Amino acid sequence: MNNSFEQVESDEEIEVTAKEVYEKILQAWLNEKFSPELLESRNELIECMLAQVKEIESGFNQKNKSLESTLQKVELERVKFVIASYLRERLKKIENNVVHVLEMEALNETSKLSTEELAYAKSYVYHLRFADATQKHLNTLALDQMPVNMQSIERTRTTPRPNLDEYMFIRVNEKQTQVLIDPEEDPLDLEVGSQHIVRFKPVAALIESGAISLL
1 MNNSFEQVES DEEIEVTAKE VYEKILQAWL NEKFSPELLE SRNELIECML AQVKEIESGF
61 NQKNKSLEST LQKVELERVK FVIASYLRER LKKIENNVVH VLEMEALNET SKLSTEELAY
121 AKSYVYHLRF ADATQKHLNT LALDQMPVNM QSIERTRTTP RPNLDEYMFI RVNEKQTQVL
181 IDPEEDPLDL EVGSQHIVRF KPVAALIESG AISLL
């Protein structure tokens, strides 16, 4: 894919190739896959890539059975697989921690969800709470029929939240100085290309900025 288009994520107009955008999406997918917490949406990259894929596919000649055409189709299928996997990872995190995700969305100045993801999360939590209220009502009706000494049964529900202290395998893309990995140890300098096993929380902001990648 040698086609190019303007990069949306910057205020300046920077022309990047489809290959570069694909590499960014691939890394976003890996980061999302290995991160315990929902990361900031890279929806602008996804939309650009999908538009590029659609444009290339529209130019395909169905009768063209050449090796070059076949390889290009295989490459496009790989791109679509990565995009679908990235979006599935995000939806899975939204569903597993929907209350937490919406709480963080309300607290953070910068949204981590795309417009579509936010609408889905709100719809999902609405149906979840409706189902929960229905279940509680049925439980109450059932408990009323039980002996008095059994009517105090109550299920304790807690809000699922991601484990931000989970250990991650990282690669350093940009040199970082005096990074506090562990509050009980001295800060570390992280050299470009070096790899480390660290807790997610101390390096979360560096992952979001692209200074560090998850492996």
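In the UniProt record's numbering, the protein residues as written are 1 to 215. All C-beta atoms, glycine included, are put in the ideal place defined by N, C-alpha and C. Nothing here was measured: the structure is a model prediction, and the numbers come from that model.
1. At which residues does the alpha helix (DSSP H) containing residue 25 begin and terminate?
2. Can you give me the start and stop residues for the alpha helix (DSSP H) that residue 70 sits inside?
3. Taking just the CA atoms, how far does residue 94 sit from residue 155?
4. Is the CB-CB distance between residue 170 and residue 202 below 7 Å?
5. In the structure shown, what three-state DSSP assignment does residue 60 receive?
6. Using a Cβ-Cβ cutoff of less than 6 Å, which residues in the same chain neighbour residue 174 once the five nearest sequence positions on both sides are dropped?
7. CB residue 113 to CB residue 105, shorter than 7 Å?
8. Using only the alpha-carbon positions, how far apart do residue 109 and residue 69 sit?
9. What are the boundary residues of the beta strand (DSSP E) that includes residue 172?
10. Below 6 Å, is the gap between the Cβ of residue 193 and the nearest heavy atom of the ligand NAP?
11. Check residue 181 in the structure and name its three-state DSSP category.
12. With a Cβ-Cβ cutoff of 7 Å, do residue 36 and residue 97 count as a contact?
13. Using the rule of at least 16 other Cβ atoms within 10 Å of the residue's Cβ for burial, across every protein chain shown, is residue 60 buried or exposed?
14. So if DSSP puts residue 218 in a beta bridge, which residue, or which two residues, is it bridged to?
The short version:
1. Position 25 of the sequence shown, counted from the first residue, corresponds to residue 25. Here the alpha helix (DSSP H) through residue 25 covers 18–34.
2. One-based indexing of the sequence shown puts residue 70 at position 70. For residue 70, the enclosing alpha helix (DSSP H) begins and ends at 67–96.
3. Numbered from 1 along the sequence shown, position 155 holds the residue referred to as residue 155. Numbered from 1 along the sequence shown, position 94 holds the residue referred to as residue 94. Model confidence at residue 155 stands at a pLDDT of 40, short of 50, so the residue's coordinates are unreliable and nothing is read from them.
4. For this step, residue 170 is matched to residue 170 along the sequence shown. For this step, residue 202 is matched to residue 202 along the sequence shown. By the CB criterion at 7 Å, residue 170 and residue 202 fall outside the cutoff.
5. Along the sequence shown, read from residue 1 onward, the residue named residue 60 stands at position 60. DSSP places residue 60 in coil when its eight states are reduced to three.
6. As a first step, residue 174 is located in the sequence shown; it is residue number 174 there, counting from the start. For residue 174, where only same-chain residues beyond five positions count, the Cβ hits under 6 Å are 211.
7. By 1-based counting over the sequence shown, the position of residue 113 is 113. By 1-based counting over the sequence shown, the position of residue 105 is 105. A distance below 7 Å separates the beta carbons of residue 113 and residue 105.
8. As a position in the sequence shown, residue 109 is number 109, starting the count at 1. As a position in the sequence shown, residue 69 is number 69, starting the count at 1. In a straight line, the C-alpha of residue 109 is about 46 Å away from that of residue 69.
9. For the purposes of this step, residue 172 is taken as the residue at position 172 of the sequence shown. 167–172 is the extent of the beta strand (DSSP E) around residue 172.
10. In the structure shown, the ligand NAP is absent, as is every other ligand, since no ligand is present at all.
11. Start at 1 with the first residue of the sequence shown, and residue 181 comes out as number 181. Of the three classes helix, strand and coil, the one that applies to residue 181 here is coil, per DSSP.
12. For the purposes of this step, residue 36 is identified with residue 36 of the sequence shown, where counting begins at 1. For the purposes of this step, residue 97 is identified with residue 97 of the sequence shown, where counting begins at 1. Taking 7 Å as the cut-off, the Cβ atoms of residue 36 and residue 97 do not count as close.
13. Mapped onto the sequence shown, residue 60 falls at position 60. When all chains shown are included, residue 60 counts as exposed.
14. Outside the displayed range of the chain (1 to 215) lies residue 218, so it cannot be described from this structure.
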